[in-house]
Amino acid sequence: MTTWIIAAETGVGNLVDQAREFGGTVTAVTVGNLPIAGVDSIIDIDLAAGAPVEAAAPSVAGAVTAEPGDVVLAANRPSERVLAGAVAAKLGAPVLTSVKSLAVGHAQVAKAGGIGLEDVAFEGPIVAILDGGAQPAGEVPEAVTFGAKDYVVTVSAIEQAEVEAVNLGTAQRVVAAGRGFSSKEDLQLAADLAEAIDGEVACSRPLSEGLGWMQRDQYVGVSGQVIAPELYFAIGISGQVHHTAGILESGTIVAINNDETATMFEDSDYGIVGDLYEIIPQIIEALE
Ligand SMILES: Cc1cc2nc3c(=O)[nH]c(=O)nc-3n(C[C@H](O)[C@H](O)[C@H](O)COP(=O)(O)OP(=O)(O)OC[C@H]3O[C@@H](n4cnc5c(N)ncnc54)[C@H](O)[C@@H]3O)c2cc1C
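Numbering (the numbering used here), first residue to last: 275 to 562.
This is the structure we're talking about:
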């Protein structure tokens, strides 16, 4: 069995660990000469200067010659998802996302944002998208260059979207605001608390989809981001399952709500019953 790892960045430690658990050989297919440690071999695809990673999709698909029983792993990042899609299309292989566990011939994938789990059995090659993890440590084998034709792509212009950069996926501390906040301006309180704990600000869906107070990539839940920070504040959030499905893997969950019967308290490690407008400043003051 061969496990193939598609890498457009070096953060693939989780994929290398998974591949080693399978046994067999591990081959990384890299775009742009990346030093991937812990694998048996590297096939590198040279990227033309200025070309986006996605231009290498045909080459990556050509380099991965997976056979039945093989598994192709890619990190859950935009470019690598594109490359994984090209590989899956060439192989005629299914793509598994939201993978919770993976073994030879068997996977468990999260459904409906993690509310349920589905067992999947497979025989042919599959492509699985997992969290990439950190850069793996160890020896880096010498790469062999794969000489296929990439798409001919030139970047003619780059327009920066006018959005704040949020990275909930990797944030270890998250302050999430819900409809308990009365106005957009009041969200500054959540931002202040996030700053005090060196975290990111998130929200429940109504704040971004309905009210438009926050960006779409900031809401958490079954149809938003599924995150697992070490600390999650749910403030003015009632705790409906659509929301909590996105946070249940968090380390410590703290709820602040003025309704002592709010279901958010059931999923929380710590609960503070009270008015968020009084409690947040007190927490910030205590932290300072
Ligand atoms: C198909 C589908 C998918 C969905 N996907 C998502 C999703 O991905 N993510 C998501 O979040 N939602 C999702 N929803 C919506 C979800 O069902 C809830 O409606 C939503 O999460 C509620 O948001 P909320 O808790 O902020 O608001 P509310 O339910 O209105 O709760 C507000 C809370 O604030 C408290 N509060 C009010 N004032 C204060 C105060 N001064 N101090 C302290 N507490 C106060 C109230 O007691 C209340 O508990 C989805 C719904 C559907 C139908």
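Here a beta-carbon is modelled for each residue, glycine too, at the ideal position from N, C-alpha and C.
Nothing here was measured: the structure is a model prediction, and the numbers come from that model.
Which whole-angstrom value describes the C-beta separation of residue 495 and residue 525, a residue pair presumed to lie in contact below a C-beta threshold of 8 Å? Wrong, their Cβ atoms sit about 18 Å apart, outside the cutoff.
Where residue 456 falls, given that 16 or more other Cβ within 10 Å makes a residue buried: exposed
Reference residue 411; option with closest CA among 373, 364, 313, 278: 313
Any heavy atom of ligand 1 closer than 7 Å to the Cβ of residue 453? yes
I believe residue 474 touches residue 448 by the beta-carbon criterion, under 8 Å. Please report the beta-carbon distance rounded to the nearest angstrom. 5 Å
What is the DSSP secondary structure of residue 364, reduced to helix, strand or coil? helix
If you draw a straight line from the alpha carbon of residue 472 to that of residue 530, how long is it in whole angstroms? 19 Å
Whole angstroms are fine: how far does the CA of residue 541 sit from the CA of residue 356? 35 Å
Is residue 401 a contact residue of ligand 1, with contact defined as CB to any heavy atom under 7 Å? no
Rounded straight-line distance, which links the Cα of residue 490 to that of residue 385: 21 Å
For the beta strand (DSSP E) containing residue 507, name the first residue and the last one. 505-509
In whole angstroms, what separates the C-alpha of residue 464 from that of residue 538? 17 Å
For the beta strand (DSSP E) holding residue 347, just list the boundary residues, first then last. 345-349
Evaluate contact between the segment 339-347 and the segment 396-413, counting only Cβ atoms and requiring at least three cross-stretch pairs below 8 Å. yes
Starting from residue 392 and walking both ways along the beta strand (DSSP E), at which residues does that stretch end? 390-395
When you compare each of 432, 300, 392, 365 to residue 374 by their alpha carbons, which one comes out closest? 392
Return helix, strand or coil for residue 425, following the three-state DSSP convention. coil
Which runs of the beta strand (DSSP E) fall wholly inside the segment 291-345 and span at least 3 residues, in chain order? 299-305, 315-319
Check the C-beta distance from residue 319 over to residue 303 and give it rounded, since I have them as a contact under 8 Å. 7 Å
What residue does the beta strand (DSSP E) around residue 402 start on, and which one ends it? 400-404
Give me the Cα-Cα distance between residue 325 and residue 428, rounded to the nearest whole angstrom. 6 Å
Output the boundary residues of the alpha helix (DSSP H) element that contains residue 553. 550-561
Mapping the DSSP letters down to three states, classify residue 447 as helix, strand or coil. strand
Considering only DSSP beta bridges, list what residue 476 is partnered with. 450
Burial state of residue 426, where buried means 16 or more other Cβ atoms lie within 10 Å: exposed
Tell me whether residue 506 is buried or exposed, calling it buried when 16 or more other Cβ atoms sit within 10 Å of its Cβ. buried
Exposed or buried, what is residue 404 when buried is set at 16 or more other beta-carbons lying within 10 Å of its beta-carbon? buried
Taking only the alpha-carbon atoms, compute the straight-line gap between residue 414 and residue 310 and give it to the nearest angstrom. 6 Å
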